[in-house]
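One structure below.
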Amino acid sequence: MPFEPEEMKLGSLTLKRTAALAPMAGVADRAFREICRSFGACYTVGEMASAKGMHYSDKKTKALLEIGEKERPAAVQIFGDEPALMGEAVEKAMEFSPDAIDLNMGCPAPKIAGNGGGSALMKNPLLAGRICEAAVKASPVPVTVKFRKGWDQEHVNAVEFAHIMEESGASAVTVHGRTREQFYAPPVDLDIIAAVKAAVSIPVIGNGDCDSLQSVIHMYQYTKCDLVMIGRGALGSPWIFQQIDAYFTGGEILPDPPLEERMAVMIRQMELACQYKPQGQAMREARKHAAWYIKGVRGAAGFRKESGTLSTLEDAKRLAQQVLEKNRESRGILD
Ligand SMILES: Cc1cc2nc3c(=O)[nH]c(=O)nc-3n(C[C@H](O)[C@H](O)[C@H](O)COP(=O)(O)O)c2cc1C
40 MPFEPEEMKL
50 GSLTLKRTAA
60 LAPMAGVADR
70 AFREICRSFG
80 ACYTVGEMAS
90 AKGMHYSDKK
100 TKALLEIGEK
110 ERPAAVQIFG
120 DEPALMGEAV
130 EKAMEFSPDA
140 IDLNMGCPAP
150 KIAGNGGGSA
160 LMKNPLLAGR
170 ICEAAVKASP
180 VPVTVKFRKG
190 WDQEHVNAVE
200 FAHIMEESGA
210 SAVTVHGRTR
220 EQFYAPPVDL
230 DIIAAVKAAV
240 SIPVIGNGDC
250 DSLQSVIHMY
260 QYTKCDLVMI
270 GRGALGSPWI
280 FQQIDAYFTG
290 GEILPDPPLE
300 ERMAVMIRQM
310 ELACQYKPQG
320 QAMREARKHA
330 AWYIKGVRGA
340 AGFRKESGTL
350 STLEDAKRLA
360 QQVLEKNRES
370 RGILD
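Counting the sequence shown from 1 gives a position; the numbering used here is that position plus 39.
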């Protein structure tokens, strides 16, 4: 049942206290974000965009900043390691009218952290603070910062880092309860999220391994966080947001939708992706989504292979049909 209060304030925004969609580069694009929002995600954050790329008006970077009206309230996320460039990037991002700006200080990828951005900023909290200040100064909308537990187990500094972000004007922080060294390996440390929540007065968004209603409830109860953010748990199952919303607003526990509906959602997502991107690119990217949507169905191994070859929307529709037929047959419905 709902946790009091039922809403979270993010600057002037009011977010329903259910669950937000995490930023996921190469995965949580506009199509997927809109689908998650349609199932009740209370807030979405876009794929990380490079401040340098924005400086050079790189087309691909700009495309990452587009926000659809159907996904609001929505933030765009920016990464970089130079305060002036980050301030400039925030100003440029306003062209896309984001509801908030999120600063990426948690990305573990060598391409980003190896160049001083993302999680590498956790090793340099003073520079991170200057970046946050520059972003806040340039932004007419709330600025939030997403980071991790620390760089490694010997350098766990999320609490100190959160304090610095608060002092630098951040409106909220998101804490992923893992170190950079862990990348995505278990376990997620909920105690560090609880410690950050207890230490700062701005809202704290808890993130890491929430992939079910139960794990979301546990994150809220254990850490006392203001909002829960879901990443991988929504891949191939965006209805997780509906299950969370139904529980928090009416105490209802919803089962997973039937396979027919799951396949229909997959196709709807791919249709949207083809609207927003060239079909070739959209369908290449859709391959991994297809594999997530068919996880656990009868014949999944074979279908996964097929999903790796999708190149048109028609291919995807055929795949969905085959999945449905195979699963009907094996339940004896077609016999
Ligand atoms: C494929 C992928 C891409 C990601 N891209 C981003 C990103 O662009 N920005 C970011 O802050 N975090 C990114 N993350 C991290 C997630 O936002 C999230 O913090 C992490 O996956 C833990 O949450 P989860 O256990 O709910 O997935 C990414 C994660 C994945 C799996």
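We treat Cβ as the ideally placed atom computed from N, Cα and C, and that holds for glycine. These numbers come from a predicted model, not from an experiment.
Enumerate in chain order the residues of its own chain whose CB-to-CB distance from residue i is below 7 Å, with the five nearest sequence positions on each side excluded.
i, result
"Lys-176", "Gly-126"
"Tyr-261", "Leu-229 and Ala-233"
"Leu-346", "For clarity, residue 346 is Ser in the given sequence; the question names Leu instead. If we look at Ser-346 and ignore the five residues flanking it on each side, its Cβ neighbours are Arg-326, Ala-329, Ala-330, Ile-333 and Leu-358."
"Arg-111", "Asp-138"
Rounded to whole angstroms, what is the Cα-Cα separation between residue i and residue j?
i, j, result
"Ala-201", "Pro-294", "37 Å"
"Gly-157", "Pro-44", "32 Å"
"Gly-338", "Val-362", "8 Å"
"Ala-340", "Ala-329", "12 Å"
"Lys-316", "Val-304", "18 Å"
"Pro-297", "Asn-366", "11 Å"
"Val-198", "Asp-354", "49 Å"
"Leu-373", "Met-258", "Residue confidence for Leu-373 is low, a pLDDT of 46 falling below 50, so the modelled location carries little weight; the figure read from the coordinates is stated next. Computed Cα separation, rounded: 43 Å."
For residue i, I'd like the list of residues in its chain whose CB is within less than 6 Å of its CB, leaving aside the five on either flank, ordered along the chain.
i, result
"Val-129", "Ile-140, Ala-174, Ala-177 and Ser-178"
"Met-93", "Thr-100, Ala-128 and Lys-131"
"Pro-122", "Arg-169, Ile-170 and Ala-173"
"Thr-348", "none"
"Glu-159", "It is worth fixing the name first, because residue 159 is Ala in this sequence and not Glu. Ala-152."
"Pro-181", "Leu-49, Gly-50, Ala-139 and Ser-210"
Can you check DSSP and say which residues form a bridge with residue i?
i, result
"Met-305", "Met-305 pairs with nothing; no bridge assigned."
"Phe-200", "In DSSP, Phe-200 forms no bridge with anything."
"Lys-185", "Asn-143 and Thr-213"
"Ile-117", "Ala-88 and Leu-142"
"Ile-106", "For Ile-106, which the question treats as bridged, DSSP gives no partner whatsoever."
"Leu-52", "Leu-49"
"Leu-165", "Looking at the DSSP assignment, Leu-165 forms no beta bridge with any residue, so it has no partner."
"Leu-60", "Thr-83 and Ile-269"
"Thr-262", "DSSP, once it has assigned bridges, lists no residue as partnering Thr-262."
Rounded to whole angstroms, how far is the Cβ of residue i from the Cβ of residue j, which I believe are closer than 8 Å?
i, j, result
"Leu-188", "Thr-213", "Checking the sequence shown, residue 188 turns out to be Lys, not Leu. Their Cβ separation, rounded to whole angstroms, is 12 Å, which puts Lys-188 and Thr-213 out of contact at 8 Å."
"Ile-241", "Ser-210", "6 Å"
"Trp-4", "Lys-150", "This structure cannot speak to residue 4, because the chain is shown only from 40 to 374."
Does the Cβ-Cβ distance between residue i and residue j come in under 7 Å?
i, j, result
"Ala-114", "Met-144", "no"
"Val-184", "Leu-142", "yes"
"Arg-462", "Thr-83", "Residue coverage of the chain in this structure runs from 40 to 374, which leaves residue 462 outside it and unanswerable."
"Phe-280", "Cys-146", "no"
Could you pull out every residue in the same chain whose Cβ sits closer than 8 Å to the Cβ of residue i, ignoring the five residues on either side in sequence?
i, result
"Gly-319", "Ser-350"
"Ser-136", "Ile-106"
"Glu-205", "Val-212, Val-239, Ser-240 and Ile-241"
"Lys-263", "Ala-233, Lys-236 and Ala-237"
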